[in-house]
Structures are given as C-alpha cells and as structure tokens.
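Asks:
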Amino acid sequence: MERKLNRRKFILYGSAAFGTSLLAKGCAKTSSSSNDRKPIIVGGLHDETGAIALYGVQMVSAAKMAIAEINAAGGLLGRQVEFKQYDTQSDIQKYTQLAQQLILGDKVDVLVGGITSASREAIRPIVDKYKKLYFYNTQYEGGVCDKYVFCTGVTPSSQSKLLIDYAAKKLKAKRIYTIAADYNFGRITADWGKLYANKNNMQVVSEEFIPLDVSDFSTTIGKIQQAKPDVIYSVLVGSNHEGFFGQWAAAGLQNKIPYLSPTFVQPYDQDGSKRPEKAGYISAHSYYINEPREANKNFVSKFHQQYGDRKYINFFGADTYTGVMLWAEAVKKAGTTENEAVIKALEDGLIYDRGPLGSKSFDKTHHVNHTIYILKSNAEQGFNLVDGPYNNLRAVDDQGQCDLKAKANTSKQFVPKF
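So the sequence shown is numbered by this note's numbering: it starts at 630 and just counts up by one.
Here it is in structure tokens:
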C-alpha cells in the first residue's frame, strides 16, 4: 500500500535530510582543512648504530638539515615537514618491519634511507606494494628500475672505469688484486673492475670477497704480499672493514702498493688529529668537501654551523640532502604530495641546482648523472684532487634495459652481463 506524506511531515523529513547533508559537508570540510594543516611526513630508515652506522649517521644529519631549511622557508604547500627517523641498526629485519611501520602506522608521504643493497631490497617490495615514493640516497651497484624508487647515488660503472683507467695510464699498472665486500654491491663492483681491467690489458691476479663482519685482515694481507700486484682494487664497506688500513700500514705496504677504491671515505666524526695510516689512498667520488662551487661552500658552511666543524661530510650526506631537496621541489611543482603527481614532476625534467652536487635531475631510469673526481686521501683526514672532474657521467649499469617513462610499471633490478 502506498504511504502518503502530508505537507508537515514532508517539510520535517526534508529539513532533517538537508541538515544532515550540511553537517556531512561541514565535517568533510573540517576534515580536509585539518589534513591541510597536518605536517607532511618524511620517513627515514638509516643505521645510527650497527656495522654501517658510520654512513647512516651523516645521512640522518643531512636529511634533518634539508628539512630544517625547507621549514625555515615556509614548508611545503603551506605545511611544515616532519622527519620520522628510525634507527635500523644494520638489521635487515628491522628495515622490513619499520618500512611497514612508517607507511601503515606513521602514514608518511615519502621514504628516504637504506644503505646496503640488502636494506634497499628489504624496503623496495614494501614501497611497491603500498605504492609509496622512496628515495635511495647512496652509491650502490646500479640497475634498479622501479616506478617508486629514485636513486641519487653514483654507481660503479662510472667509478670503476675511472679508477682502472687511472691505474693503467697514470700508475702504469698491469696486475690487480681485488678485495671486496661479500654481497652483491661488492661482487658487481668487482666485476666492473675486471671488465675495465680487461679493456686496459690488465690482469686481475686474484679476487677475494670479505664478509661484512670481518675485521682481521692478516690472512688477506699475506696473500697480497705473495701475489705481488701492482695495485689493489678495493670495495671494502663498513666499520669492521675499517680495520684494514691500520693493518695494511703496519705491514709496511701503505706506500708500496697503490690502493684504489670507490668506497674509501674519510671519517665523519673527526678529532683534528693526523691519521697517517689513512693517507695516500685513491678514490673516485661524486662529491668531496672542498669542491669549489659556491653552492657547495654554502652547503658545507651550513652543515658545520648546525653540527660543528669536526664533521667531515661526504657523498652519503650530499646525496641524501639532494634527494630530499629534489623531492621537495617536485612537491612544489605538483602542488600535492600525491605519488603520481610527484613522480610525474620528477620525470618531467625537474632540476634542483642549489645543492652540493650541482644541477641534478632524474633521467628515464630514475637516476641522476654525476660529476666524478679522482681523489687522494691525506693525513689530515681529508682529500686532495688528483684528476678530473669528469662531468655528466650517466649510470649505465642497467645496460640500456630500463626506461620508466616508456614502461612505468617496471619493478626489477637489471644485473649487468659481463
């Protein structure tokens, strides 16, 4: 039977419905306004303790400085930026757990961090699953091709070529002994060294892969003495491997066999003392603290003002700072923190040119081109420029297989075939 509404009931029900509609709209507006006032959150996953902490601590410092600068300039989209950093303690399980915590619990807008390849590969499936933007800001073995991952660090295809060419042409070396960290970064970087050694008609007389927890190099040094190489090509990594240098000097080999490495860095925390056992090592880096451009001088000055002049910033800090700033510029251009819009801004040639690495933008592989310097360490815990700079070097570790503008949903790592 059809129900009839009299005029009074119609007005009553209609008014109630209209009031509910207004209330819903009001709540939605309040909620939206509330979200607009909430801080934008950058999630950090860096080792502040553990075997790789000597790199992680300065990455955290650089990220904090970048975010402080962004906030001092008014924030992003009228909102302040907050840094939510977890100490991953060089523990891969913590990377997995805390990446999920940052995305699902802390509701971050972007992730930065990871140091070793294993830590990145613990994070990457999680950011892919939840479609969260991720900046990996350190040197690595190359080849990652992923819609949600942007890499600011240098890769060994460039570093290895320059170091091996230097050994062949400047040092007239013929025989190379390779020592490298025993994981994919160390092994792939060693392979690049072997490739360029062959191109220079050089012989790799031995390759030795060292686990990250090893700090006693007496056996390795004995093998090197027996092999009598012209140069050492080294990809040692982390706090434990730092023990090599004192043992190498004690064996009387520091000034006898040149040591070339894409991973040799000076300590972040310095006490002002001389460290003769750390002098004379040759490295190839995308950044060094004495780079004379005005933007780098400003960066170093601000860093020392914030953290003290005993902090020796290197590429770990410079890459991290640049990654945060590139993301911030993309958010400004996109007018939102939404992933798709920010990714589009990053892929459309956006440039950040006010940082320590110079003018930087991402290519179709989500990597940046680099300027690389050949440096020699000194006893004052610094570096002297000995060759270069070599400008605008592109990462070729994917061997031409990655094009995220053409195949946006790619999510893999291309391992080079030698």
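The beta carbon of each residue, even a glycine, is placed where N, CA and C say it ideally should be.
Quick one: which unbroken alpha helix (DSSP H) runs of 4-plus residues sit fully inside the stretch 780–810? Chain order, please.
Replies: Taking only runs of at least 4 residues, the alpha helix (DSSP H) segments lying wholly in the stretch 780–810 are 785–798.
Asks: Can you tell which of Tyr-825, Gly-964, Asp-900, Lys-962 has the C-alpha that lies nearest to the C-alpha of Gly-937?
Replies: One-based indexing of the sequence shown puts residue 937 at position 308. The candidate whose alpha carbon is nearest that of Gly-937 is Asp-900.
Asks: Identify the residues that DSSP records as bridge partners of Glu-836: which are they?
Replies: Counting from 1 along the sequence shown, the entry for residue 836 is found at position 207. Partner(s): Thr-807.
Asks: In the stretch 723–777, which residue ranges form an unbroken beta strand (DSSP E) of at least 3 residues, counting only runs that do not cross its ends?
Replies: The qualifying runs are 739–742, 763–765, 773–775.
Asks: With a cut-off of 8 Å, do at least 3 Cβ pairs link the stretch 857–868 to the stretch 805–814?
Replies: Flag = yes, the stretch 857–868 and the stretch 805–814 touch.
Asks: Given this structure, state the Cα-to-Cα distance separating Asn-1007 from Trp-877, to the nearest angstrom.
Replies: Position 378 of the sequence shown, counting from 1, holds the residue named residue 1007. Position 248 of the sequence shown, counting from 1, holds the residue named residue 877. Looking at the two C-alpha atoms, the distance is approximately 16 Å.
Asks: Excluding the 5 residues flanking Ile-911 on each side, which residues of the same chain have their C-beta closer than 6 Å to its C-beta?
Replies: Position 282 of the sequence shown, counted from the first residue, corresponds to residue 911. Same-chain partners within the cutoff: Leu-889, Lys-1005.
Asks: Write down the C-beta distance between Lys-961 and Leu-705 rounded to the nearest angstrom, noting that I regard them as a contact closer than 8 Å.
Replies: Counting from 1 along the sequence shown, the entry for residue 961 is found at position 332. Counting from 1 along the sequence shown, the entry for residue 705 is found at position 76. That belief holds up - the Cβ atoms of Lys-961 and Leu-705 are roughly 7 Å apart, short of 8 Å.
Asks: Around the C-beta of Asn-1013, are 16 or more other C-beta atoms found within 10 angstroms, so that it is buried, or is it exposed?
Replies: For the purposes of this step, residue 1013 is identified with residue 384 of the sequence shown, where counting begins at 1. Counting Cβ neighbours within 10 Å, Asn-1013 comes out exposed, since fewer than 16 surround it.
Asks: Along the chain, where does the alpha helix (DSSP H) that runs through Phe-932 open and close?
Replies: As a working note, residue 932 is residue 303 in the sequence shown. Counting along the chain, the alpha helix (DSSP H) containing Phe-932 begins and ends at 923–936.
Asks: Can you tell me where the beta strand (DSSP E) holding Asp-716 begins and where it ends?
Replies: Here residue 716 corresponds to residue number 87 of the sequence shown, with the count starting at 1. Looking at the DSSP string, the run of the beta strand (DSSP E) that includes Asp-716 is 710–716.
Asks: Quick one: what's got a C-beta closer than 7 Å to Glu-871's C-beta in the same chain, skipping five residues either side?
Replies: Within the sequence shown, residue 871 is the residue found at index 242, counting from 1. Around Glu-871: no qualifying Cβ.
Asks: Between the alpha carbons of Lys-758 and Gln-729, how many angstroms are there, rounded?
Replies: Indexing the sequence shown from 1 puts residue 758 at position 129. Indexing the sequence shown from 1 puts residue 729 at position 100. So the two alpha carbons sit approximately 10 Å from each other.
Asks: Could you check how far apart the C-beta atoms of Ala-692 and Ser-719 are, in whole angstroms? I think they sit under 8 Å.
Replies: If you number the sequence shown from 1, residue 692 lands on position 63. If you number the sequence shown from 1, residue 719 lands on position 90. 18 Å between Cβ atoms; not a contact.
Asks: Please work out which residues of its chain come closer than 6 Å, Cβ to Cβ, to Gly-742, disregarding the five sequence neighbours upstream and downstream, and give them in chain order.
Replies: In the sequence shown, residue 742 corresponds to position 113, counting from 1. Excluding sequence neighbours, Gly-742 sits near Gly-673, Leu-674, His-675.
Asks: Name the residue from Leu-841, Asp-842, Arg-804, Phe-874 whose alpha carbon lies nearest to the alpha carbon of Asn-829.
Replies: In the sequence shown, the residue the question calls residue 829 occupies position 200. Of the candidates Leu-841, Asp-842, Arg-804, Phe-874, the one whose C-alpha sits nearest the C-alpha of Asn-829 is Arg-804.
Asks: Apply the 10 Å Cβ neighbour rule to Leu-731 and answer buried if 16 or more other Cβ atoms are within range, or exposed otherwise.
Replies: Position 102 of the sequence shown, counted from the start, is the residue given in the question as residue 731. Counting Cβ neighbours within 10 Å, Leu-731 comes out buried, since at least 16 surround it.
Asks: Going by Cα to Cα distance, which pick from Asp-738, Lys-723, Lys-931, Val-737 is closest to Arg-749?
Replies: Reading the sequence shown from its first residue, position 120 is the one you call residue 749. The residue with the shortest Cα to Cα distance from Arg-749 is Lys-723.
Asks: Using a 10 Å radius around the Cβ and a threshold of 16 neighbouring Cβ atoms, would you call Ala-695 buried or exposed?
Replies: Here the question's residue 695 lines up with position 66 in the sequence shown. Buried is the call here.
Asks: Can you look up Asp-898 in the DSSP assignment and give me helix, strand or coil?
Replies: For the purposes of this step, residue 898 is taken as the residue at position 269 of the sequence shown. Of the three classes helix, strand and coil, the one that applies to Asp-898 here is strand, per DSSP.
Asks: Are there 16 or more other CB atoms within 10 angstroms of the CB of Phe-1047, so buried, or fewer, so exposed?
Replies: As a first step, residue 1047 is located in the sequence shown; it is residue number 418 there, counting from the start. Looking at its Cβ environment, which holds fewer than 16 other Cβ atoms inside 10 Å, Phe-1047 is exposed.
Asks: If we ignore side chains and look at the alpha-carbon of each, how far apart do Lys-940 and Gln-1010 end up?
Replies: In the sequence shown, the residue the question calls residue 940 occupies position 311. In the sequence shown, the residue the question calls residue 1010 occupies position 381. Taking the straight line joining both Cα atoms gives about 11 Å.
Asks: Tell me the DSSP bridge mates of Asn-1013?
Replies: Here residue 1013 corresponds to residue number 384 of the sequence shown, with the count starting at 1. DSSP lists Lys-1005 as partners of Asn-1013.
Asks: Indicate the three-state DSSP secondary structure (helix, strand or coil) for Lys-654 in the structure shown.
Replies: For the purposes of this step, residue 654 is identified with residue 25 of the sequence shown, where counting begins at 1. Model confidence at Lys-654 stands at a pLDDT of 45, short of 50, so the residue's coordinates are unreliable and nothing is read from them.
Asks: According to DSSP, simplified to helix, strand and coil, what is Leu-882?
Replies: Residue 882 sits at position 253 when you count from the first residue of the sequence shown. DSSP places Leu-882 in coil when its eight states are reduced to three.
Asks: Can you tell which of Ile-817, Thr-818, Ala-826 has the C-alpha that lies nearest to the C-alpha of Ala-802?
Replies: Taking the sequence shown and counting its residues from 1, one reaches residue 802 at position 173. The shortest C-alpha separation from Ala-802 is found at Ala-826.
Asks: Nearest CA to the CA of Ala-819: which residue from Thr-892, Pro-887, Ala-856?
Replies: In the sequence shown, the residue the question calls residue 819 occupies position 190. The shortest Cα separation from Ala-819 among Thr-892, Pro-887, Ala-856 belongs to Thr-892.
Asks: From Arg-816, Val-737, Gln-709, pick the residue whose C-alpha is nearest to that of Ser-746; which is it?
Replies: Reading the sequence shown from its first residue, position 117 is the one you call residue 746. Ser-746 has its Cα closest to that of Arg-816, out of Arg-816, Val-737, Gln-709.
Asks: For Asp-977, does the count of other Cβ atoms within 10 angstroms reach 16, so buried, or fall short, so exposed?
Replies: Within the sequence shown, residue 977 is the residue found at index 348, counting from 1. Exposed, by the Cβ-count rule.
Asks: Cα-Cα, which of Gln-687, Tyr-769, Arg-666 is closest to Gln-935?
Replies: As a working note, residue 935 is residue 306 in the sequence shown. That would be Gln-687, whose Cα lies nearest to the Cα of Gln-935.
Asks: For Gly-673, list the residues DSSP reports as bridge partners.
Replies: Translated into positions along the sequence shown, residue 673 becomes position 44. According to DSSP, which records beta bridges pairwise, Gly-673 is partnered with Gln-714, Val-741.
Asks: Tell me the DSSP bridge mates of Ala-913?
Replies: Locating residue 913 in the sequence shown gives position 284, where the first residue counts as 1. Paired residues: Ile-1003.
Asks: Among the candidates Thr-966, Tyr-1019, Ile-972, whose CA atom is the shortest distance from the CA of Val-737?
Replies: Residue numbering aside, residue 737 sits at position 108 when the sequence shown is read from its first letter. Selected option, being the one with the closest Cα: Thr-966.
Asks: Sort Val-1015, Gly-772, Ile-670, Gly-734 by Cα distance to Gly-1029 and report the nearest one.
Replies: Reading the sequence shown from its first residue, position 400 is the one you call residue 1029. For the residues Val-1015, Gly-772, Ile-670, Gly-734, the minimum Cα distance to Gly-1029 belongs to Gly-772.
Asks: Beta carbon of Pro-754: closer than 6 Å to some heavy atom of the ligand MN?
Replies: Inclusion of the ligand MN in the displayed structure is not the case, the ligand content being empty and no account of it being possible.
Asks: Using only CA atoms, which one of Ser-990, Pro-1045, Thr-951, Asp-716 lies nearest to Ile-1059?
Replies: Only positions 630 to 1047 of the chain appear in the structure, and residue 1059 is not among them; the question remains open.
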